[in-house]
Amino acid sequence: NVIVALSAPLFLVAWEIVGRLSNPIFFAPVSEVLSELVAGFADPQARLLQGLVETLAVLVPGFLLACVLGVALGILMGRSNLAFQVLDPFVTILYNTPRVALIPILLLWLGVGTVLKVVIVMLAAIFPISVNTMAGVRDVSSQLTEPARSMGASERQLLWKVILPSTLPFITTGLKLGLGRALTTVIVAEFFVSVSGLGGILHATSTSFEMAKMLVPALILALMGIAIDALLTWLEKLVLRRYGG
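Count the sequence shown with our numbering and you get residues 41 to 285, in order.
Shown next as structure tokens:
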């Protein structure tokens with residue numbers, strides 16, 4: 041796609057121009073940010089690599105837990121009217137509750153540490169995933185499920201052969217929405233719980249007004265988000281191709 045191929049270079053050019061014309065205290069050109077990014081990974085004292093590892097140690101398990109539990113919860117609520125009636129009010133409340141409001145409570149329950157930050161990230165991502173999965177499961181037409189039932193398909197076969205392939209676009213959308221929340225929340229967790237990871241670096245550089253260095257963690261998170269989003273899209277296409285969709 042020509043438009044997609046041109047959009048990224050045009051964005052970088054615009055970023056560079058605006059950065060050059062702006063006060064260095066408020067913004068920095070992309071060339072300076074990329075220079076700080078390279079220097080940060082090359083210099084062991086810069087803590088950038090260590091910060092990235094610390095953030096991934098929270099983000100990866102938290103997001104994976106949210107994926108597994110969110111999809112399972114969405115399927116349960118989508119297939120069972122009783123589960124939907126019981127769980128939907130709690131899911132709605134927690135979906136709309138800011139994660140920051142839960143941090144003091146979770147801090148008392150779990151203490152300060154990696155487990156707390158993983159749980160915060162998981163809670164941020166799980167509900168967009170579960171809500172979208174549930175919507176997809178409930179959207180599956182009886183025209184798809186009834187023929188399978190008439191041929192003697194079990195509930196397990198119905199789930200794996202009919203419902204999940206049909207629901208996959210909804211699940212992928214939920215995963216992408218959950219990823220966005222997870223990336224945001226991991227920085228919030230590192231700010232509030234313990235100054236560590238990319239959030240800790242962002243906090244340290246913001247107090248010294250080093251805009252180029254402050255934008256480096258944000259750029260890394262953005263690139264991570266783009267990469268994981270592309271991976272999810274590729275996996276969706278792969279699975280749909282596998283099922284002939």
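All C-beta atoms, glycine included, are put in the ideal place defined by N, C-alpha and C.
This structure is a prediction, so every number in the text was calculated from the model and none was measured.
query	result
Nearest to R221 (by Cα), restricted to the options A79, L46 and P138	P138
A229 versus T132 - alpha carbon distance	22 Å
For N63, three-class secondary structure by DSSP	coil
Under 8 Å between C-beta atoms of V256 and E56	no
Three-state class that DSSP yields for F210 in the structure shown	helix
Coarse secondary structure for T137, derived from DSSP in three states	coil
Residues near I211 in its chain [Cβ-Cβ closer than 7 Å; skip 5 each side]	V111, N172, T173 and G176
Coil, strand or helix - V180 by DSSP	coil
Buried/exposed call for F103, threshold 16 Cβ in 10 Å	buried
Beta-carbon gap between I143 and I166 smaller than 8 Å	no
Exposed unless 16 or more other CB atoms sit within 10 angstroms - verdict on K253	buried
A270, DSSP secondary structure in three states	helix
G118, buried or exposed, once every other Cβ within 10 Å from all chains shown has been counted against 16	buried
Host alpha helix (DSSP H) of A82 (start-end)	V70 to A82
E276 beta carbon less than 8 Å from that of P209	yes
Residue from P129, A48 and F66 whose Cα sits closest to the Cα of T247	F66
Reference R178, options T213, S190 and L116, closest by Cα	L116
Proximity below 8 Å, CB of V99 to CB of I260	The residue asked about is misnamed: residue 99 is Leu in this sequence, not Val. Their beta carbons are not under 8 Å apart, which means L99 does not touch I260 by this criterion.
Residue nearest to L272 in terms of C-alpha spacing, selected from R87, A48, T213 and G239	T213
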